[in-house]
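Trainee: Input: one structure, supplied below.
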Amino acid sequence: MKTISGALLLFLFCVCEAGTDIHFQLSIDHHQNPEEHENPQPENPGPVATTTPEPHAGYGPYPIKLLVMNSIENTPNNTYCIEVAYRGVLIGAMRRIEMAYNNFTFTYSEHLDYGPYLENVNGLAGNATEHTYWQILGTTEDGTIKPTDVGIGCYIPKRNEQVYLKYTSY
Ligand code: B12
Numbered sequence: 048m049k050t051i052s053g054a055l056l057l058f059l060f061c062v063c064e065a066g067t068d069i070h071f072q073l074s075i076d077h078h079q080n081p082e083e084h085e086n087p088q089p090e091n092p093g094p095v096a097t098t099t100p101e102p103h104a105g106y107g108p109y110p111i112k113l114l115v116m117n118s119i120e121n122t123p124n125n126t127y128c129i130e131v132a133y134r135g136v137l138i139g140a141m142r143r144i145e146m147a148y149n150n151f152t153f154t155y156s157e158h159l160d161y162g163p164y165l166e167n168v169n170g171l172a173g174n175a176t177e178h179t180y181w182q183i184l185g186t187t188e189d190g191t192i193k194p195t196d197v198g199i200g201c202y203i204p205k206r207n208e209q210v211y212l213k214y215t216s217y
């Protein structure tokens with residue numbers, strides 16, 4: 048019995064020791080070679096990993112178009128092209144257009160629940176008594192043009208999408 052428990056103790060001791068060794072070895076590997084992690088010659092950085100920007104992939108900016116039209120008066124349409132941040136909201140694209148073009152302006156009011164309400168585009172304002180407003184339309188993947196179900200503060204134009212601001216009546 049004594050021999051068996053002695054052998055068992057010896058076995059357990061070896062297992063624990065082996066375990067300790069393995070752990071120690073791992074921690075030595077992790078810390079003992081700082082050269083692997085730090086550049087020993089900062090003046091000679093060696094090959095630097097570069098990333099090639101891919102225009103049709105990833106999270107980079109993309110172009111959209113904004114077409115301003117008037118369905119009540121016969122005035123010419125205006126189209127504006129702009130690069131927007133990846134999944135940026137329409138109001139951001141409109142601000143960028145305002146900065147890039149000298150013939151685009153807009154104003155909005157803040158609704159408590161729905162955020163920015165587009166009031167005026169290029170000096171022309173919607174009017175509740177005349178039942179006019181600026182309608183926002185987007186283009187779906189299959190090319191259908193339809194009113195967005197959210198306002199300029201929430202709508203996210205897709206890559207290359209044509210968005211419409213249409214002065215109309217209700
Ligand atoms: C009537 C109505 C309109 C009328 C409002 C004019 C009027 N004097 O009645 C008109 C036709 C102008 C309109 C326009 C739009 N609307 Co609307 N509208 C409604 C509707 C059916 C009722 C609102 C209402 O009378 N509430 C009762 C009153 C007492 O409350 P109120 O807070 O004072 O109401 C005001 C606001 O709702 C505001 N309003 C109306 N629509 C929108 C949209 C946005 C984005 C904002 C900020 C404010 C706003 O106008 C109301 C009158 O002043 C609601 C749906 C609903 N059942 O609530 C959708 C609703 C509010 N509209 C909506 C949308 C998306 C729009 C448009 C963006 C549609 C488009 N693609 O063009 C445009 C706004 C464009 C812009 N210029 O910014 C969404 C808003 C969702 C969201 N999270 O953004 C709703 C909830 C309908 C939906 N899709 O589910 N709308």
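Start counting the sequence shown at 48; every next residue gets the next number (the numbering used here). Glycine is no exception: its CB is placed at the ideal position from the N, C-alpha and C atoms. Note that the structure is predicted; figures quoted are calculated from it, not measured.
How many angstroms separate the CA atom of Gly173 from the CA atom of Ser156?
Mentor: Residue mapping note: residue 173 aligns to position 126 of the sequence shown, counting from 1. Residue mapping note: residue 156 aligns to position 109 of the sequence shown, counting from 1. Distance between the alpha carbons of Gly173 and Ser156 is about 12 Å.
Trainee: Which same chain residues end up closer than 6 Å to Tyr202 when comparing Cβ atoms and leaving out the 5 residues on each side of it in sequence?
Mentor: Here residue 202 refers to the residue found at position 155 when the sequence shown is read from its first residue. Once the five neighbours on either side are set aside, the close Cβ partners of Tyr202 are Leu137 and Thr195.
Trainee: Find the nearest neighbour of Tyr148 within the set Gly135, Glu208, Glu130 and His158, judged by alpha-carbon distance.
Mentor: The count along the sequence shown starts at 1 and reaches residue 148 at position 101. Minimum Cα distance to Tyr148 is reached at Glu130.
Trainee: What does DSSP give as the partner residue(s) for Ser156 in the beta ladder?
Mentor: Numbered from 1 along the sequence shown, position 109 holds the residue referred to as residue 156. Per DSSP, Tyr164.
Trainee: Quickly, what does DSSP pair Gly185 with across the bridge? List them, please.
Mentor: Taking the first residue of the sequence shown as position 1, residue 185 is located at position 138. Note: Gly185 sits in a beta bridge opposite Lys193.
Trainee: What is the rounded straight-line gap between the Cα of Thr152 and the Cα of Gly105?
Mentor: Reading the sequence shown from its first residue, position 105 is the one you call residue 152. Reading the sequence shown from its first residue, position 58 is the one you call residue 105. Taking the straight line joining both Cα atoms gives about 31 Å.
Trainee: Any heavy atom of the ligand B12 closer than 7 Å to the Cβ of Tyr109?
Mentor: Residue 109 sits at position 62 when you count from the first residue of the sequence shown. It does not: the Cβ of Tyr109 is nowhere closer than 7 Å to a heavy atom of the ligand B12.
Trainee: Enumerate in chain order the residues of its own chain whose CB-to-CB distance from Thr187 is below 8 Å, with the five nearest sequence positions on each side excluded.
Mentor: Position 140 of the sequence shown, counted from the start, is the residue given in the question as residue 187. Closer than 8 Å at Cβ, skipping near neighbours: Lys193.
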